[in-house]
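For reference, the structure is listed below as structure tokens.
In our numbering, the protein residues as written are 124 to 581.
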């Protein structure tokens, strides 16, 4: 069988390939090779920039040609690296040989031994992987999250003044507005997006077991810690972990996983709430001609986009949890378990991209059904009992909570008429009675609208 979208084992490379392709330049095998080449080339150029090392200098055009090895990295280049790997049985050494071959072609093969100088494979992997993850997060993942946030913000404002029955424990509770409930998710998302965007991306860069043995023995008068900090920080835009074993300790990557998981838990919560509102008919869904909701029941219009998103985030979060728990643990100075785990870095982000696009599609299908929302409010006059007893407390009325409890905590329907009849029996002034009569499930919404107004645009 030829590998294609029908024969791929993983749905993120098969059925959902059109939704996940944007991650391929960063987190595919090709992407990992490209980022390894970038690290090796930039490290070589950085060494050349250290005058104390007396590395022979190259013309600016040659430096530009060197950088084009990764800026114009092709599938043919990746195949060439694979050819080297078939011989070496070592993926990073294959990258080194590939670069040396290209340097020879460019006429600078005489200084090719400064490629991978003093490094171990993990100096390359533990900079290439966080760099690719950083760019994938900033250039692909965050824009999708920002788009979801913008949609929620727009809907929160659109539905700012739509009163709606709240439910706690599944039972009727003090009314809200639909816009305020959407604002809850905007506010939660904002807090976690701020953390995600502020994360550092730690990288290990310090030789075979972390203390620059080979670098120091070759150039004992060079401040290698300062060099590495500048190369990783200023050159790559990462944060160098100062004291490590052979590998990055991955505490920073675990933090990234946990932050992404929290964001996805919030969005799964949104999916479940949207699903429930649809089941209560607060929303209808836009119907597309030709689509089928059930192979047996022709009438069905299912909330499949929210269900798809919820399912994909479940898979994503399970993998992220494994990353966060496994990666910071490595036997002694290093074992190889991190390597095979990190090759799956595309998996949680791939499933998340599918989920984000499904959620965006689902939100775009929502059609407000004001009649159903209002009918639910009208059928639940008991929810104004809280407001009535609170006003009575203010007025010093004896045991108002108990009086309202006796009225409302029973198995008979509480209606507008029964509420008003109760108010009529109260020993309070006519002015207070008029204040109580004005309370309805539709206007007992507190500061819902003002809370929506408090949201800020990005």
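Glycine included, every Cβ here is placed at the ideal spot set by N, Cα and C.
In whole angstroms, give me the CA-to-CA distance for residue i and residue j.
i: residue 481; j: residue 495; result: 25 angstroms
i: residue 215; j: residue 475; result: 29 angstroms
i: residue 152; j: residue 346; result: 34 angstroms
i: residue 128; j: residue 147; result: 14 angstroms
i: residue 509; j: residue 286; result: 17 angstroms
i: residue 332; j: residue 458; result: 12 angstroms
i: residue 466; j: residue 350; result: 29 angstroms
i: residue 398; j: residue 320; result: 29 angstroms
i: residue 576; j: residue 194; result: 46 angstroms
i: residue 206; j: residue 213; result: 11 angstroms
i: residue 335; j: residue 241; result: 8 angstroms
i: residue 530; j: residue 559; result: 15 angstroms
i: residue 468; j: residue 565; result: 49 angstroms
i: residue 257; j: residue 340; result: 33 angstroms
i: residue 135; j: residue 125; result: 17 angstroms
i: residue 337; j: residue 330; result: 7 angstroms
i: residue 527; j: residue 547; result: 13 angstroms
i: residue 167; j: residue 227; result: 14 angstroms
i: residue 574; j: residue 291; result: 20 angstroms
i: residue 139; j: residue 298; result: 40 angstroms
i: residue 421; j: residue 516; result: Low per-residue confidence applies at residue 421: pLDDT is 48, beneath 50, and the placement is therefore not dependable, though the value from the model is reported in the following sentence. Spanning the two alpha carbons is a distance of roughly 54 angstroms.
Using three-state DSSP, classify residue i as helix, strand or coil.
i: residue 128; result: coil
i: residue 363; result: strand
i: residue 513; result: helix
i: residue 159; result: helix
i: residue 570; result: coil
i: residue 290; result: strand
i: residue 253; result: helix
i: residue 325; result: strand
i: residue 334; result: coil
i: residue 409; result: coil
i: residue 134; result: coil
i: residue 565; result: coil
i: residue 575; result: helix
i: residue 358; result: helix
i: residue 522; result: coil
i: residue 141; result: helix
i: residue 480; result: helix
i: residue 418; result: Its pLDDT being 46, under 50, residue 418 is placed unreliably in this model, and the value from its coordinates should be taken loosely. DSSP places residue 418 in coil when its eight states are reduced to three.
i: residue 306; result: helix
i: residue 557; result: helix
i: residue 315; result: helix
Starting from residue i, trace the beta strand (DSSP E) in both directions and tell me its first and last residue.
i: residue 233; result: Neither: residue 233 is in no beta strand (DSSP E) and is coded neither H nor E.
i: residue 197; result: Neither: residue 197 is in no beta strand (DSSP E) and is coded neither H nor E.
i: residue 491; result: 489 to 491
Need the endpoints of the alpha helix (DSSP H) that residue i sits in, please.
i: residue 466; result: Segment: none, residue 466 is in no alpha helix (DSSP H) and carries neither H nor E.
i: residue 507; result: Looking at the DSSP string, residue 507 is not in any alpha helix (DSSP H), and its letter there is neither H nor E.
i: residue 299; result: Not the alpha helix (DSSP H): residue 299 falls in the beta strand (DSSP E), residues 294 to 300.
i: residue 350; result: 347 to 353
i: residue 534; result: It is not in any alpha helix (DSSP H) - residue 534 carries neither H nor E in the DSSP assignment.
i: residue 424; result: First-last for residue 424: undefined, no H or E at that position.
i: residue 279; result: 265 to 281
i: residue 546; result: 539 to 548
i: residue 284; result: That residue, residue 284, is in no alpha helix (DSSP H); it is neither H nor E in DSSP.
i: residue 385; result: 374 to 402
Just to confirm, is the Cβ distance from residue i to residue j under 8 angstroms?
i: residue 451; j: residue 374; result: yes
i: residue 328; j: residue 377; result: no
i: residue 169; j: residue 429; result: no
i: residue 382; j: residue 318; result: yes
i: residue 525; j: residue 551; result: no
i: residue 578; j: residue 306; result: yes
i: residue 314; j: residue 364; result: no
i: residue 165; j: residue 358; result: yes
i: residue 160; j: residue 234; result: no
i: residue 217; j: residue 158; result: no
i: residue 163; j: residue 238; result: yes
i: residue 507; j: residue 296; result: no
i: residue 316; j: residue 379; result: no
i: residue 581; j: residue 200; result: no
i: residue 539; j: residue 504; result: yes
i: residue 486; j: residue 408; result: no
From this set, the options, which residue's C-alpha is nearest residue i's C-alpha?
i: residue 384; options: 364, 424, 478, 341; result: 478
i: residue 425; options: 410, 434, 439, 519; result: 410
i: residue 473; options: 434, 502, 491, 537; result: 434
i: residue 260; options: 150, 538, 173; result: 150
i: residue 460; options: 488, 484, 371; result: 371
i: residue 572; options: 283, 489, 386; result: 283
i: residue 471; options: 442, 486, 270, 392; result: 442
i: residue 103; options: 144, 163, 499, 229; result: Within the shown structure, residues of the chain are numbered from 124 to 581, placing residue 103 beyond reach of any answer.
i: residue 367; options: 453, 189, 393, 292; result: 453
Measuring from the CB of residue i, is there a heavy atom of the ligand NAD at a distance below 7 angstroms?
i: residue 370; result: What this structure holds is no ligand at all, so the ligand NAD is not there to describe.
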